[in-house]
Every structure is written in structure tokens, then in C-alpha cells.
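Let me begin by presenting the structure, written as C-alpha cells, before commenting on it.
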Amino acid sequence: MSDENTIFIGKKSVMSYVLACVTQFNRGNNEIVLKARGRSISRAVDVAEILRTKFITGLKIKDIKIGTEQITAAEGGTANVSAIEITLSK
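In numbering that gives the first Met the number 0, the protein residues as written are 0 to 89.
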């Protein structure tokens, strides 16, 4: 999966990410990946569900991967952060 098919979910509004996904599908991509970590996981799930139920008929959730990533904290230590990847396909 190339980076142009990947949408990283952060702190923007849910509809911003929905619009980004719709734009990717309109460009001819048949598959995109939503990636989120930590508190943004619920926002990624919201984006996937809004796309599936309201914007793109026939959209399928192809795969969901969950895991834990280690990041370096500001104090120099490491912290475990939950992560999710949701693969959507037409």
C-alpha cells in the first residue's frame, strides 16, 4: 500500500478526514488505509463508519489491524501507544 493511499488520522474534525477519503476514492483509488494512534482511534472508526453508511455505497471494510507502538516520550523514556489500521475498499 503506497503512502498516497494512506490517511493518517489526527486532531482535525471527522468531516475533514471523510472529505480526504472521498477525494482519494474519486481519484480512482479502490482502496485506502486509515491509520490512527492513541486518542485518535475513535475518530478513525467514526470516519470509516460515516463513509460506509452515508457517503459511499458499497464500501467494504476489508481489514482491521490493531497493535501497540512504542514511542519515545519527551522525558527520554518510552511509552506504549495503541494503534489501528482500517483498510477500506470499494
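We put the CB at the ideal spot given by N, CA and C, even for glycine.
Can the beta-carbon of residue i be found closer than 8 Å to that of residue j?
{"i": "T5", "j": "K34", "result": "yes"}
{"i": "T67", "j": "N79", "result": "yes"}
{"i": "A19", "j": "I85", "result": "no"}
{"i": "I83", "j": "I63", "result": "yes"}
In the DSSP assignment, find the beta strand (DSSP E) that holds residue i and state where it starts and stops.
{"i": "L18", "result": "Per DSSP, L18 belongs to no beta strand (DSSP E); it is in the alpha helix (DSSP H), V13 to N25."}
{"i": "E68", "result": "K59 to T71"}
{"i": "E30", "result": "E30 to R36"}
{"i": "I8", "result": "Taken as a continuous stretch (DSSP letters only), I8 belongs to no beta strand (DSSP E), as it is neither H nor E."}
{"i": "S81", "result": "T77 to S88"}
Can you give me the C-alpha to C-alpha distance between residue i and residue j, rounded to a whole angstrom?
{"i": "I8", "j": "G57", "result": "23 Å"}
{"i": "T52", "j": "N28", "result": "19 Å"}
{"i": "I60", "j": "Q69", "result": "26 Å"}
{"i": "R36", "j": "I65", "result": "10 Å"}
{"i": "E3", "j": "K89", "result": "16 Å"}
By Cβ distance below 8 Å, which residues in the same chain neighbour residue i in space, the five residues on each side in sequence not counted?
{"i": "S39", "result": "I8, G9 and K10"}
{"i": "L87", "result": "C20, E30, I31, V32, L33, A47, L50, R51, L58, K59, I60 and K61"}
What are the boundary residues of the alpha helix (DSSP H) that residue i is part of?
{"i": "I124", "result": "Given that the chain is displayed from residue 0 to residue 89, the structure contains no residue 124 and the question cannot be resolved."}
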